[in-house]
Structure formats: structure tokens, C-alpha cells
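For the record, the sequence lines run as chains A and B. To convert, note that position 124 of the first sequence is 124 in our numbering; the numbers rise steadily by one, no gaps. To convert, note that position 85 of the second sequence is 1085 in our numbering; the numbers rise steadily by one, no gaps. Positions of the beta carbon are idealized from the N, C-alpha and C atoms, including for glycine. One structure below.
There are 2 protein chains.
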Amino acid sequence: MNKIVECVPNFSEGRDLVKIEKIVAPFRGREGVKLLDYQRDEDHNRCVVTVVGEPEALTAAVLEAAEAALGAIDMRTHKGQHPRMGAVDVVPFIPVKNVTMKEAIEISRRVAETAATKLGLPIFLYEESATAPHRRNLADIRKGQFEGMPAKLLLPDWTPDFGPAGIHPTAGVTAVGARMPLVAYNVNLGTADIEIANDIARNVRHLSGGLRYCKAIGIDLKDRGIVQVSINMTDYTRTALYRVFELIRIEARRWGVPVVGSEIVGLVPMNALIDTAAYYLQLEKFKTEQVLESRIYE
Amino acid sequence: MNKIVECVPNFSEGRDLVKIEKIVAPFRGREGVKLLDYQRDEDHNRCVVTVVGEPEALTAAVLEAAEAALGAIDMRTHKGQHPRMGAVDVVPFIPVKNVTMKEAIEISRRVAETAATKLGLPIFLYEESATAPHRRNLADIRKGQFEGMPAKLLLPDWTPDFGPAGIHPTAGVTAVGARMPLVAYNVNLGTADIEIANDIARNVRHLSGGLRYCKAIGIDLKDRGIVQVSINMTDYTRTALYRVFELIRIEARRWGVPVVGSEIVGLVPMNALIDTAAYYLQLEKFKTEQVLESRIYE
């Protein structure tokens, strides 16, 4: 695989294993596509697939999976705790290797257009692919959920980018877009005081004056008797992991609270950690190509 | 490639491009083998190849390259600054992926035996493959160089592990073995005083009381007006990069000298840097499988 794109489609089915298998099947045993993971959640009634591949092969597989989801899911009877607006709820494309963000946006537009035409799905482009600022944020698009979409799509601000002007009767609405890889990163504090985690989260996150590509909230880890700043890094290439970590350490000093550990949840791009090692070792002129593994698989 | 071994054979030819091309050719365009790099040095009159591959395919390619080297090199007329004892001077195998050290040793023994039988080369097993403690260190085996080998091989301690009891008339003697990846790592100090670099090198290296898998010397970087502790890490899985770095920082304090930077020369295994990032971020329960790239290529 020379060019690699990641896709993390979310489907609104987390309970029926037969249906889930039908949706996931197009990602299996396919040249140029590798299924990394899929996780279903019964409470959310949702399944999140993580797959990588060459652009052509991956987009073909995603379109097949979307078609399978339309055959398997009826949103009129769907219940689940996670907000959702469609059977193929959201389809983000993430540049991984030898692919620019511009190319990832192009891929997302192609998939959106084809899915709209072939499957009759109304589609919003979101994040980096968004055609207007108010459509960048997935939460804004999804607001009102499946049940509110028929009315929402009548508003001038919410005409879909592709496909019909009304919802698909059983599959609702889909968001497709390109974004940077998310890094789910948590920093654990040596205190049980949730107010301290909340305060630090407020200070480091973009929303309230902190680092640009950082979302954060305080979380109580009751079983461990400590609290945590739970972070989503939305662009580790511009807001580095070590910068958030060191900033939290600095903020924690105000409370005399130690950082007792941190954790990465799920997958992380190699460069997010290489970059961190390079910072702490004060590496001069280091290049990713010096990593043996990057040469083996280039 | 499921199992990956690295091989870094050193050939005693650094000047004749036609001959070098013949030696390197067996590593090109071969299923299951990837030539990462080869560097020749005219002063050393030596060529160092870096290649990775699946065990079977790689060993076949190495044996072909050795045969080509025997056809191209006559040690009786070889001159160069680097110590050498044979046309195929040394052939280390390094476990990279899904390969244990035990397997790498097995591979080195198989290559040694085949090369001895098919090419009539006397071969010493060295490093992890060594059959006696005095044969572990390559410098000890190579002492006396090509010119001294006929007499050395007559000594009871220096009967080759495989092949004839005397040297190959034009190709001399070869060492084959398995070892951990070397990481060439330098730490730069904010002083021009070479004595400080020498003192710190002495304190951190294994030879004189320092860290087990660390070799180090002081070096004068005249053009930058600073000095450097130049390090070879011989097993980064047991002596971590960050440990050497932090120990040098601690030693430098005695002189009031700052660490102004560090550098990795050539290739470094991903895990050496991941491990470093995990230390500084105080990562809890992090697994290499969380690195996206490791999943893509697994």
C-alpha cells in the first residue's frame, strides 16, 4: 500500500451480530484494504469500524458497507444512547501515509457524491470538507437527531451538500468528511478533587483559552480515587502531545497536585510519539525516515 | 512480510563501483527482501549494506552476495583504514519483527554453515551466536586482520566454527552472528572542553562503570565549538535511550554544562523512541499495538 487513508465509519447498529457482520463484510479479505478493528456498543446501539486502505479500494469498500447498512438498518425503530441521525451516521476519512489533507477531502467528496447518487442518501460534508463554517462541527449537523431531520432539512442553512433535499425514509442523513487523526489522551492527577481536574481542563482546552487543537474535560476515576483530565487531541501535528502534558503539569502546580500518569486510548499515529521523544531528547535534525519501520514499509 | 530480520553485511570493497554493484545486486528486486541502504567509504575501502527481509529469502540473498564478493575481491591486494579480515568481513543478523534472538542465532548458524560448505570460507560465530566467550567480541576475532589470520587460525583458541582450518586464499575469514540493533546516539554539550565529554563518556559507559548496554567516547565538534558524548547503544530494550540521556544530563551538572541537543545517526527501531515517549509522558499500560502504523503492517 503506497497511499494509505484511514476511515472510521459509524453505523447505527450495535446489537444484531448478523446485521453487523453484513455491514463489516465488505472490509474483509479485500486487496488494498485492512480492517483494523470494529467495536459495537449495545447501549449506544452503534458500531464503529476502523479500516485503512488505498484510496480506490477503501472508498469502494466503504460504499459497499454503506449499502449493506441501508439494507440492515431501519432508523424509524432505532433506539440508543448515542446521538445519531442516520444508518450510516458519520464517515470520516483520515490521511495516514503519502496522502495530503487536500486528497482526503477529495476522497470524502467523491464518496459523498457517489453515496448520494447510488443510495439516495442526503449528505452533509463536515470538518475539513465542510462547505460552510456552521457545518464543520458534527454535533451541530447532528443536532435534532434522526427524528428532527425532516424539519431541519427544510431550513435554508441545512440543505444537504449532496443527494435529496429530504431524509432517506429508513436511513436518515449521513455526514461525510475529512479530518486529522484524533488522539484520545488522558492525564491522571494525584488528587480526588474533581474541581481541580475541571479547572485544569478549562485552562488547557481551546474552547476556554487553551491550546488550539485540544478538547478537554475533567473526569472522576472513582475506583482509583483520583481524577483525570480527559483530552481529545484533534491535530497532534500542530498541538503536540508533550505540550498538553507539560501544560497540565504546570497548571497542576497551582494546586500542589502531581501528575501521576497518563494514558493513550486506542490507536495513535507513530509520529505523535516520535515527536514527543524528539522533544524530550532535544533531538537535532531527526527525520521520520530514520525510523527503521518506516523504511521497511515505505 | 510476516517475520522480518535485518542484515548489515560489511564487504571489503569501497572504491570499485562495478564490483560493489555486483555484490549488492542479489538484494535488489527480490520477493521478500528489501534493500534499505548501502554506503561505501573510499578511505575505509569498505561497503556496508543494510537490508531487511523474510528469513528464507534474506539468507538466500546474503549467500549470493557473499559469492559475488568472493568473485570481486582479492584481499591480498586490499588496502583500507578500517580493520578487516575478509572479503565478506562480517555478517550480523538482527531480529526486527516476529523473530526472537534465538531464531536470529539459528539463521546466523545456518548461513555460516552454508557459506563455509559452498564457498570454502572459514567462519567464526560472534556476538549472541558465539560458541565461546572470547569469540563474542568482533574486535577480538578480527585482531591481527587479514594479514595475521593464517598464523592466528593455527592457535587452538582460534579454530573456526565452520569451514576450513586455514584462511580462504583471496577472501580471508568471515564473522557471522546475531545481535540486537545498534542505535548510534550522540549527546551534545554546551562547552568546548573535550575533557568534560571524555569524563562523562567514562561515567556512563559499561566499560568503566556505567550502563550495561552503552559504549561511549568523547568527541570534539570543532566546527560547532562544542563537544559530544558519542554513544553506541547495544541493546536499547534493556538500556533505554532516555536513561543514557538523563544520566548524561546529571553528570553534566557537575560541570555546570548544559545538554544542548542530541542526535540519532542512521536508523533507529520505532520502539526505542516509543519507549522514550512513554517514559516522559508517564504512560500507563501502553502497548506497541496501539501505534497505528504497527497495526497497518502487522
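With 7 angstroms as the limit, tell me which residues of the region 1011–1041 of chain B have their beta carbon closer than that to any beta carbon of chain A; keep them in chain order. Within the region 1011–1041 of chain B, the qualifying residues are K1034 and L1036.
Partner residues on chain A for I1296 (chain B), Cβ-Cβ distance less than 7 angstroms: I4, K34 and V52
Does any residue of chain A bring its CB to less than 7 angstroms from the CB of P1269 (chain B)? Chain A contact via Cβ: present.
What residues are listed by DSSP as bridge partners for D1220 (chain B)? DSSP lists B:V1227 as partners of D1220 (chain B).
Taking the alpha carbon of S1012 (chain B) as the point to measure from, which residue in B:G1071, B:P1160 and B:G1032 has its own alpha carbon closest? B:G1071
Euclidean distance between Cα positions of G120 (chain A) and T100 (chain A): If you draw a straight line from the Cα of G120 (chain A) to the Cα of T100 (chain A), it comes to about 29 angstroms.
If we require 3 or more residues per run, which beta strand (DSSP E) segments fall completely within the region 249–285 of chain A? 259–265
P1122 (chain B) and P1181 (chain B) - do their beta-carbons sit closer together than 7 angstroms? Cβ distance not < 7 angstroms, so P1181 (chain B) and P1122 (chain B) don't count as in contact.
Quick one, which of B:V1111, B:I1105, B:P1092 and B:D1016 has its alpha-carbon nearest A1057 (chain B)'s? B:V1111
Please go through the same chain and pick out, in chain order, the residues whose beta-carbon is closer than 6 angstroms to the beta-carbon of I1264 (chain B), but skip the five residues on each side of it. Y1185
Just mark V5 (chain A) as buried or exposed, buried being the case when its beta carbon has 16 or more other beta carbons within 10 Å. buried
Of all Cβ atoms in chain B, is any one closer than 7 angstroms to the Cβ of F245 (chain A)? yes
Pick helix, strand or coil for P95 (chain A), following the three-state DSSP scheme. strand
Could you give the distance in angstroms between the alpha-carbon of L1267 (chain B) and the alpha-carbon of A252 (chain A)? 37 angstroms
Interface flag, F286 (chain A) vs chain B, CB-CB below 7 angstroms: yes
Classify V8 (chain A) as helix, strand or coil using the three-state DSSP reduction. coil
Sorted by chain position, which residues of the same chain lie with C-beta nearer than 7 angstroms to A1066 (chain B)'s C-beta, five sequence neighbours on each side aside? V1088, A1115 and L1119
Expressed to the nearest angstrom, what Euclidean distance is found between the alpha-carbon atoms of V1227 (chain B) and V1204 (chain B)? So the alpha carbons of these two residues sit roughly 16 angstroms apart.
Out of curiosity, what's the CA-to-CA distance linking P1160 (chain B) and G1032 (chain B)? 31 angstroms
Close beta carbons around R212 (chain A), own chain, < 7 angstroms, minus the five adjacent residues each side: H206, R238 and T239
Enclosing alpha helix (DSSP H) for I1123 (chain B) [first to last residue]: Not the alpha helix (DSSP H): I1123 (chain B) falls in the beta strand (DSSP E), residues I1123 to E1127.
Return yes when the Cβ of V1048 (chain B) is within less than 7 angstroms of the Cβ of Q1039 (chain B), no when it is not. yes
Please work out which residues of its chain come closer than 7 angstroms, Cβ to Cβ, to G261 (chain A), disregarding the five sequence neighbours upstream and downstream, and give them in chain order. N188
Taking 7 angstroms as the CB-CB cut-off, is S1230 (chain B) touching chain A? no
Local conformation of K118 (chain A) per DSSP, three classes: helix
Where do the N-terminal and C-terminal ends of the beta strand (DSSP E) with D1041 (chain B) fall, by residue? V1033 to D1041
Which residues in the same chain have their Cβ closer than 8 angstroms to the Cβ of I306 (chain A), if we skip the five residues on either side of it in sequence? The question about residue 306 (chain A) has no answer, for chain A in this structure spans 1 to 298.
Would you say S262 (chain A) lies against chain B (beta-carbon separation less than 7 angstroms)? yes
Looking at the strands, I want to know which residues DSSP matches up with R1046 (chain B). In DSSP, R1046 (chain B) forms a bridge with B:D1041.
Residue interval of the beta strand (DSSP E) (run including A1184 (chain B)): V1183 to L1189
Of all the options A:T174, A:V183 and A:S230, which has the alpha carbon lying nearest to the alpha carbon of I200 (chain A)? A:S230
Cβ-Cβ separation, P92 (chain A) to E127 (chain A) (assumed contact under 8 angstroms), whole Å: 7 angstroms
If F124 (chain A) sits next to R135 (chain A), beta carbons under 8 angstroms apart, how far is it from one beta carbon to the other, in whole angstroms? 6 angstroms
Residues in the region 73–85 of chain A with C-beta within 7 angstroms of chain B's C-beta atoms, listed in sequence order? none
Kindly indicate if chain B contains any beta-carbon less than 7 angstroms away from that of V291 (chain A). yes
Partners in chain B for L207 (chain A), counting only beta-carbon separations shorter than 8 angstroms: Simply none; closest approach about 23 angstroms.
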